[in-house]
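Participant: Quick one: the structure is below, and I'll ask about it shortly.
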Ligand SMILES: [Zn+2]
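Numbering (the working numbering), first residue to last: 20 to 104.
Below is the structure:
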């Protein structure tokens, strides 16, 4: 099973986004957490990557395989928010 397939299974099991341990989208670290987030985005906390946010549209690209989260970059915006994009 590839990491991406494993990630998909995790995602499928977490459709309604409860907080808890997940695989880091970016590095695959299995100690990452998805934090509760009220908007169309998800916040992740990873021991390797730190905290970062993924916009809903970007997440759907990852889900649809039109973007590879492992090749995505963490970008810091003007507010200091870190985004995986
Ligand atoms: Zn990571």
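We treat Cβ as the ideally placed atom computed from N, Cα and C, and that holds for glycine.
1) On the DSSP letters alone, give me the boundaries of the alpha helix (DSSP H) that residue 80 sits inside.
2) Here's a check: name, in chain order, each residue in its chain whose Cβ is nearer than 8 Å to the Cβ of residue 87, leaving out the five neighbours to either side.
3) Is any non-hydrogen atom of ligand 1 found closer than 7 Å to the C-beta of residue 51, if you look at the structure I gave you?
4) Assign residue 42 to one of three DSSP states: helix, strand, or coil.
5) Beta-carbon distances below 5 Å to any heavy atom of ligand 1 define the shell here; list its residues in chain order, please.
Facilitator: Per the coordinate set shown:
1) 75-82
2) 81
3) yes
4) coil
5) 43, 45, 46, 48, 65, 67 and 68
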